[in-house]
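When the letters of the sequence shown are read in order and numbered with the working numbering, they come out as residues 303 to 497. Even for Gly, the Cβ is constructed at its ideal location relative to N, Cα and C. All values reported here derive from a predicted model rather than from experimental measurement.
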Amino acid sequence: MSDDIISEGMEPNGLLYRVYPSSQFDQVEYGIGALKKVFGNIIEQIGEELVAFSELEHTLDICIADLLSLRSHQLGMTVTKSLDYMQKVMLYHDLASGFIEERSAVIRVELSTLRKELQYIGEMRNVVAHAKWMTITRDVYVRSQVRTSKTTGLPEIKYYKLNKRVLQKIVSRTYISQGMLDDLNQKVIEDLSLS
Numbered sequence: 303m304s305d306d307i308i309s310e311g312m313e314p315n316g317l318l319y320r321v322y323p324s325s326q327f328d329q330v331e332y333g334i335g336a337l338k339k340v341f342g343n344i345i346e347q348i349g350e351e352l353v354a355f356s357e358l359e360h361t362l363d364i365c366i367a368d369l370l371s372l373r374s375h376q377l378g379m380t381v382t383k384s385l386d387y388m389q390k391v392m393l394y395h396d397l398a399s400g401f402i403e404e405r406s407a408v409i410r411v412e413l414s415t416l417r418k419e420l421q422y423i424g425e426m427r428n429v430v431a432h433a434k435w436m437t438i439t440r441d442v443y444v445r446s447q448v449r450t451s452k453t454t455g456l457p458e459i460k461y462y463k464l465n466k467r468v469l470q471k472i473v474s475r476t477y478i479s480q481g482m483l484d485d486l487n488q489k490v491i492e493d494l495s496l497s
């Protein structure tokens, strides 16, 4: 790994990052055997985040289906089957917004907060799911993105710090978001049934 850090900082989502120039050949700091020692410390959190996100996305599918029809989830499955996660977040937000009565200003604020949180969780899931774990560094930065430099036109490699503490925080927020979604959906359905 080159020590020529182009930039480093913190993303709006809170993740620390470093950007390195690309080199002629991709490089990794560990061989397979040594890599297992590093993964042993974080592999449980990586797996838990992927499963927690899957649960969250399924809950989102069910909530969309509930808003489309309380009699069956088939319409919801038909609508969501070809949508990606972020499209589902926006669809849920739009559907729920249409069902919330004017008197439900508090629910509208909760819905806006939930949309932002679900978008954040989607970003975090993408970083974890698309990380190139073979590129993990000794200080637990992992390559997750390659972009083109605006000045040189060459690839630049973006690494995110994904240590155990960061991964645990992402997992925890994913579970909290699922609870927020479930609770808010119940309020929207109750509001719908009262109108």
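- Task: Measuring alpha carbon to alpha carbon, tell me which of K452, I366, K489, Y322 ends up nearest V411.
- Result: It is K489 whose Cα lies nearest to the Cα of V411.
- Message: Can you tell me which residues form a DSSP beta bridge with E310?
- Response: E310 pairs with R320.
- Message: Suppose only complete runs of 3+ residues qualify. What are the beta strand (DSSP E) ranges in the segment 422 to 492, listed by chain order?
- Response: Contiguous beta strand (DSSP E) elements confined to the segment 422 to 492 occur at 443 to 450, 457 to 463, taking only those with 3 or more residues.
- Query: If we call anything under 8 Å between Cβ atoms a contact, is E419 one with S479?
  - Reply: Between E419 and S479, the C-beta gap is smaller than 8 Å, which places the two residues in contact.
- Task: Rounded to whole angstroms, what's the CA-CA distance from N315 to Y422? Just pull it up for me.
- Result: When rounded, the distance between both Cα atoms is 7 Å.
- Query: Hey, is the segment 430 to 446 in contact with the segment 376 to 388, meaning 3+ C-beta pairs nearer than 8 Å?
  - Reply: When C-beta atoms of the segment 430 to 446 are compared with those of the segment 376 to 388, fewer than three pairs fall below 8 Å, so the two segments do not count as touching.
- Message: Quick check on this structure: which residue in G481, A354, K434, I308 has the alpha carbon closest to the alpha carbon of V321?
- Response: Measuring C-alpha to C-alpha distances from V321 to each of G481, A354, K434, I308 identifies I308 as the nearest.
- Message: Less than 6 Å between C-beta atoms, sequence neighbours within five positions excluded: which residues of the same chain meet that for L369?
- Response: Taken in chain order, the residues that qualify are L397.
- Should L352 and V430 be called a contact, given that it needs their Cβ atoms to be closer than 8 Å? Yes. Within cutoff.
- Task: Might you give, ordered along the chain, the residues of its own chain that have their beta carbon closer than 7 Å to the beta carbon of T437, omitting 5 neighbours on each side?
- Result: Closer than 7 Å at Cβ, skipping near neighbours: V330, V444, R445.
- Figure out for me which residue from A354, I366, K466 has the closest Cα to the Cα of R475. Relative to R475, the option among A354, I366, K466 whose CA is nearest is A354.
- Query: Exposed or buried, what is D363 when buried is set at 16 or more other beta-carbons lying within 10 Å of its beta-carbon?
  - Reply: Counting other Cβ atoms within 10 Å of its Cβ, D363 reaches 16 or more and is therefore classed as buried.
- Closest by CA to D485, which one among K471, H432, S495, I409? Among K471, H432, S495, I409, the Cα nearest to that of D485 is on I409.
- Delimiting residues of the alpha helix (DSSP H) encompassing D396: Annotation for D396: the continuous alpha helix (DSSP H) segment containing it runs 387 to 401.
- Item | Q371 to H432 span [Cα, whole Å] | In the sequence as presented, Gln is not what sits at residue 371; that position holds Ser. Between S371 and H432, the C-alpha separation is close to 34 Å.
- Exposed or buried, which one is G311 when buried takes at least 16 other CB atoms within 10 Å? Classification of G311: exposed, given that the 10 Å Cβ count is below 16.
- Task: Between the Cα of N471 and those of Y387, Q347, E403, L318, spot the shortest distance and give me the residue it belongs to.
- Result: The question names Asn, but residue 471 in the sequence shown is Lys. Nearest option by C-alpha distance: Q347.
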